[in-house]
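The C-terminal residue of the sequence shown carries number 87 in the numbering used here, and the numbering is unbroken. For glycine and all other residues, C-beta sits at the position ideal for the given N, C-alpha and C. Working notes, beginning with the structure itself.
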Amino acid sequence: MASKSPPETATGDERIHAVADAIASHLQRHPRSADTVRGIRQWWLQAVAVNASDAEVEQALSLLEAKGIVESLHAGPQRLWRRRRHR
């Protein structure tokens, strides 16, 4: 079953949680994925018909980072996000 965009009537928190769920689902299917906020929005989320702004993706990633699901790393000037590697 394909994910859907958060409803336009959803509250900000509901939208962020829906985006976070879509990102987490992508990482379950593609555990080696890593991308920028823009890449996540354009490739990961559009592939499952989730529309989100860069700001919403950033908020969702912050939520997932706080839960220990994702981590970021710097590659030159870019900040990449990926599934958290357990050390």
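Between the CA atoms of L80 and V37 - distance to the nearest angstrom: For the purposes of this step, residue 37 is taken as the residue at position 37 of the sequence shown. For the purposes of this step, residue 80 is taken as the residue at position 80 of the sequence shown. Distance between the alpha carbons of V37 and L80 is about 8 Å.
Among all the DSSP beta bridges, which residues are the ones paired with S72? To locate residue 72, count along the sequence shown from 1; it is residue 72. Note: S72 sits in a beta bridge opposite W81.
Quick one: what's got a C-beta closer than 7 Å to A52's C-beta in the same chain, skipping five residues either side? Residue numbering aside, residue 52 sits at position 52 when the sequence shown is read from its first letter. Excluding positions up to five away in sequence, the list reads V19, R41 and L45.
Given this structure, state the Cα-to-Cα distance separating S62 from I69, to the nearest angstrom. Here residue 62 refers to the residue found at position 62 of the sequence shown. Here residue 69 refers to the residue found at position 69 of the sequence shown. Between S62 and I69, the C-alpha separation is close to 10 Å.
May I ask you to report which of helix, strand or coil DSSP gives A49? As a position in the sequence shown, residue 49 is number 49, starting the count at 1. Of the three classes helix, strand and coil, the one that applies to A49 here is coil, per DSSP.
So, with DSSP's three-state summary, where would you put I16? The sequence position of residue 16 within the sequence shown is 16, counting from 1. In this structure, I16 counts as helix in the three-state DSSP scheme.
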